[in-house]
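Counted the way the numbering used here counts, the sequence shown spans residues 2 to 71. Where is the CB? At the ideal position from N, CA and C, for every residue including glycine. It should be emphasised that the depicted structure is a prediction, and the values quoted were computed from it without experimental measurement.
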Amino acid sequence: MSAQERAHACAQIVDDLRAACGLPRRLSQAGVKREMIPRLVEKAMADACHQSNPRACTQVDFERIIEEAF
2 MSAQERAHAC
12 AQIVDDLRAA
22 CGLPRRLSQA
32 GVKREMIPRL
42 VEKAMADACH
52 QSNPRACTQV
62 DFERIIEEAF
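Written as structure tokens, this is what we have:
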């Protein structure tokens, strides 16, 4: 199995686990509203984990990631 195939298989396992636990797939399914995006981005930028992430993530990156999660 190639690295890409393993990555897809891993993602499928995580998604299957999410579904088995009854967790929503989209932020909108969890009751998150689009008007909350600016506050979510602010929280993400201030999070200590963001500061130590080996890959830099900008405010625009967070906005895109959160928007795609809807």
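(1) If you draw a straight line from the alpha carbon of A31 to that of P25, how long is it in whole angstroms?
(2) Among residues of its own chain, excluding the 5 on either side of R27, which ones have a beta-carbon nearer than 8 Å to its beta-carbon?
(3) Return the residue from the list S53, L41, S3 that minimises the CA-CA distance to E64.
(4) Can the beta-carbon of I66 be found closer than 8 Å to that of I38?
Short version:
(1) In this structure, the straight-line span from the alpha carbon of A31 to that of P25 is close to 6 Å.
(2) Correct list, in chain order: A70, F71.
(3) Out of S53, L41, S3, L41 has the C-alpha closest to the C-alpha of E64.
(4) In this structure, I38 does not lie closer than 8 Å to I66 by Cβ.
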